[in-house]
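Novice:
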Amino acid sequence: MSIGIVDEPILGQSQDWLEIKKHADALVSFIKETDTPMTIGVQGERGSGKTSLLNQIKEELSSSKEIRQIWINSWENSLMVTPEQCLIKIINEIIDEILGSDAKHSNKDKIAKIASSVFKGALKVGAAATMGAKAGEELDRVMDAENENNIKKLRNTLDNLIKDITDASSNAYKKIVIYVDDLDRVEPRDAVKILELLKNIFNLKHCVFVLAIDYQVVVKGLRDKFGEQTEENEWEFRAFFDKIIQLPFMMPMGQYNISNYIKNLLVKIEFIKEGDFDEDHIKTVIMNTIGGNPRSLKRLINSVSLIKLFTGDTKLIETDEEKALSENDQQLLLFSLLCLQIAFPKIYELLNFKPDFTNWDDDLAFQQTRKKEEESKAFEVEFSNAKKTDDFNEEWELCLFRICYVNPRLKPRVIEISKFLTFIKDEFLKDNEDEIGQVIAQILSKTSVTSVTSTDQGQEYVLPERKGAYKRRYLEDIDTFIFDKKNNEGYSDEMLEMIETVYNDIKTVLQNKEVETKFAGGITFYANKRKFLGFWTKPKKIHIQILKNFRNGYRLPLVDDLDITHNRNYNK
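Going by the working numbering, 226 is the number at position 122 of the sequence shown; the sequence numbering is gapless.
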């Protein structure tokens, strides 16, 4: 059995589970047939598989004796050096690799001398930056003509060298393909410098550059030159990119065979067996949460691997025998909630806060947003339009819409989140509608170990799996409290029913009041951020304590216009 998935690029054509070979083959054909010089920009967000694609192209071209291939890792060259030194290392490495193809070695000293002049110029310009803007401008005026002349000399000399190499009878090289990987891991401004210098020096006959670079990195790297990108100046960013890149290629994440990829990874770690899962279910969950980024999918599989070790062969959840979820459905529900945890941690936390999402309502939305969403002039129109769709025609969905609206990352994905939760409800929990909160809470208790939360806030929403874990947490309904007592402290069903009755009576009295409820070992009610009522339990007793308020002469507390009296006793 394999445990965990290493976040490394795919080497060559092995394990093409995403089925991107057809795209690699098309680029291979283009590289073989294209006129030169040519620069191909392979674009895509981090983790989208750019390096894996380059590896596939490189392996396919390795069988051609007419093509010399050079691989440069720009990020590795940038470590522990200045941007100027990084440029020098990259150029030096490319030149050394090209010289390695020269059977005569007659040009080596000449090229090294000219390159040295270019490198000195780069270092001087770099030093100018530390002297302040004016000093840098003055030095740039002195350096421009000199360095431009040196770059021209270097380019002409390299051009002659490559011509000698491709014409020589001692080798069969007709084309040199240079891969520059990991440019998007370099500081954007430095990445732009690398692109400019590569363009100026290596725009040579017989050379094809394949650059792994995302357009957004170029945009960030050009902010100092063009300012923030707007509709008015967008063409300037695009013009720069088009000047460097003759053939842009976007990683086809929308065409990846995600369900096939995930299925094979899950089989590899023995979370499922071949044929256990409906691939359409996997695809629905993935596309409404994580999406097609291979790096995020590998992280997901590692989370699944770890939780599989924790749970072993034990049941994930306990439900009514007549309504028991199948083992496969339990596994897929666990998998789905891990997808949510990675893609939308805020919604994952909200589920921990109130696991029965079908009972999310305006009160929860208010508690989360304080109606901040209504400050937007566009909200009412967008909210009204959302109500007319199938994705937001229930109260819990409207609550979700409000909560996501104030979060810039969640707002554009709110439809997918709604579809995801609806799918969970309709596909896995359709026979457990009255136990949705319990089922989800039990699954969430297994996934909490892989959750990434801010430690300065504490693990506010994680259900405890051990006694004594009395971090104070928000409590929206009694389900999580009952679940905690039943599973950790052995309360009888009769006592749990009594606790729920008392709690609901208190909530009825306090309805429409701005009161927050938190729980640790017991339940505490707050008004205006001050504790005014304590409610804690033992296996055979319920204790209620009404705290006195110093502003009211240490008599009964004041909560809005609520008339509080000692007029009700609860006894088992």
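Each residue gets a CB set at the ideal place from its N, CA and C atoms; glycine is no exception.
(1) In chain order, what are the residue ranges of uninterrupted alpha helix (DSSP H) at least 4 long that sit wholly in the region 155–194?
(2) Going by beta-carbon coordinates alone, are E149 and D318 separated by less than 8 Å?
(3) Provide the residue(s) that pair with D285 in DSSP beta bridges, ordered along the chain.
(4) Per DSSP, what kind of secondary structure is Q649 in: helix, strand or coil?
(5) For a test of the three-state rule: what should DSSP assign to F375, helix, strand or coil?
(6) Could you spell out where the beta strand (DSSP E) holding L600 opens and where it closes?
(7) From the DSSP output, which residues share a beta bridge with W640?
(8) Just the C-alpha distance for N253 and S168, rounded to the nearest angstrom, thanks.
(9) Relative to the C-alpha of G204, which residue among T143, M142, Y277 and F134 is closest?
(10) Relative to the C-alpha of I144, which candidate in S152, I161 and G151 has its C-alpha closest?
(11) Buried or exposed, going by whether 16 or more other CB atoms sit within 10 Å of the CB of K412?
(12) Which one of L436, W464, L468 and I124 has the shortest CA to CA distance from E498?
(13) Contact between the region 174–189 and the region 286–297: three or more CB pairs below 8 Å?
(14) Please identify the residue among R327, A469, H310 and R399 whose C-alpha is closest to the C-alpha of A365.
(15) Among G626, M602 and A631, which has the Cα closest to the Cα of Q615?
(16) Do you know how far the Cα of I405 is from the Cα of V619?
(17) Would you kindly report the start and end of the unbroken alpha helix (DSSP H) that includes I386?
(18) Could you tell me whether the Cβ atoms of A469 and I507 are closer together than 8 Å?
(19) Between L410 and F375, what straight-line distance do the alpha-carbon atoms span, to the nearest angstrom?
(20) Less than 8 Å between the C-beta atoms of S156 and M357, yes or no?
(21) Can you tell me which of L429, Q472 and I198 puts its alpha carbon nearest to the alpha carbon of R733?
(22) Which of the three DSSP states is assigned to A316 in this structure?
(23) Return the bridge partner residues of M354 from the DSSP annotation.
(24) Can the beta-carbon of N368 be found less than 8 Å from the beta-carbon of E520?
(25) Can you list, in chain order, the residues of its chain with a C-beta nearer than 8 Å to that of E383? Leave out the 5 residues immediately preceding and following it.
(26) Can you name the start and end residues of the alpha helix (DSSP H) that P677 belongs to?
(27) So who's on the other strand from I280, going by DSSP bridges?
(28) Can you tell me the Cβ-Cβ gap for I646 and I603, rounded? I've got them flagged as a contact below 8 Å.
(29) Quick one: is the Cβ of D467 within less than 7 Å of any heavy atom of the ligand COA?
(30) Taking the C-alpha atoms as reference points, what is the distance between L533 and T388?
(31) By how many angstroms is the C-alpha of K492 removed from the C-alpha of S480?
(32) Can you have a look at W121 and say buried or exposed, based on whether 16 or more other CB atoms are within 10 angstroms of its CB?
(33) What residue from R342, W640 and K297 has the CA that sits closest to V323's CA?
(34) Please determine, among N304, E601, N196 and F636, the residue with the shortest C-alpha to C-alpha distance to P643.
(35) Go ahead and label A128 buried or exposed: buried means 16 or more other beta carbons lie within 10 angstroms of its beta carbon, across all protein chains shown.
(36) What separation, rounded to the nearest whole angstrom, lies between the Cα atoms of T473 and N608?
Specialist: Reading from the atomic positions:
(1) 178–182, all fully within the region 155–194.
(2) Yes, these two residues count as a Cβ contact at 8 Å.
(3) Answer is N177, bridged to D285.
(4) Correct three-state label for Q649: strand.
(5) Note: F375 maps to coil in three-state DSSP.
(6) Element bounds for L600: not the beta strand (DSSP E) but the alpha helix (DSSP H), D597 to V613.
(7) Partner(s): H647.
(8) Going from the Cα of N253 to the Cα of S168 covers about 36 Å.
(9) For the residues T143, M142, Y277 and F134, the minimum Cα distance to G204 belongs to Y277.
(10) Answer by Cα proximity: I161.
(11) Classification of K412: buried, given that the 10 Å Cβ count is 16 or more.
(12) Out of L436, W464, L468 and I124, W464 has the C-alpha closest to the C-alpha of E498.
(13) In the pairwise beta carbon analysis, the region 174–189 is classified as touching the region 286–297: at least three pairs are separated by under 8 Å.
(14) A quick correction: the sequence has Tyr, not Ala, at residue 365. Taking only the C-alpha atoms, the option nearest Y365 is R399.
(15) Looking from the CA of Q615, the closest CA among G626, M602 and A631 belongs to A631.
(16) Between the C-alpha atoms of V619 and I405 there is a straight-line separation of about 41 Å.
(17) Counting along the chain, I386 sits inside the alpha helix (DSSP H) bounded by residues E383 to M391.
(18) It is a contact, given that the beta carbons lie within the stated cut-off.
(19) Between the alpha carbons of L410 and F375 lies a gap of roughly 11 Å.
(20) Contact: no.
(21) For residue 733 there is no data in the structure shown, the boundaries of the chain being 105 and 676.
(22) Reduced to three states, the DSSP call for A316 is strand.
(23) M354 pairs with Q147.
(24) Cβ atoms of N368 and E520: not closer than 8 Å.
(25) The answer, listed in chain order, is S363, N364 and K367.
(26) There is no way to answer for residue 677, as the model of the chain reaches only from 105 to 676.
(27) DSSP output for I280 lists R172 and C311 as bridge partner(s).
(28) Yes, they are in contact, since the Cβ atoms of I646 and I603 sit about 6 Å apart, within 8 Å.
(29) Annotation note on the ligand COA: not contained in the displayed structure, which lists no ligands.
(30) Inter-residue distance for L533 and T388 is about 16 Å (C-alpha atoms, whole angstroms).
(31) In this structure, the alpha-carbon of S480 lies about 20 Å from that of K492.
(32) W121 comes out buried.
(33) V323 has its Cα closest to that of R342, out of R342, W640 and K297.
(34) Distances from the CA of P643 to each of N304, E601, N196 and F636 were compared; the closest alpha carbon is that of E601.
(35) Result: buried.
(36) For T473 and N608, the distance between alpha carbons rounds to 24 Å.
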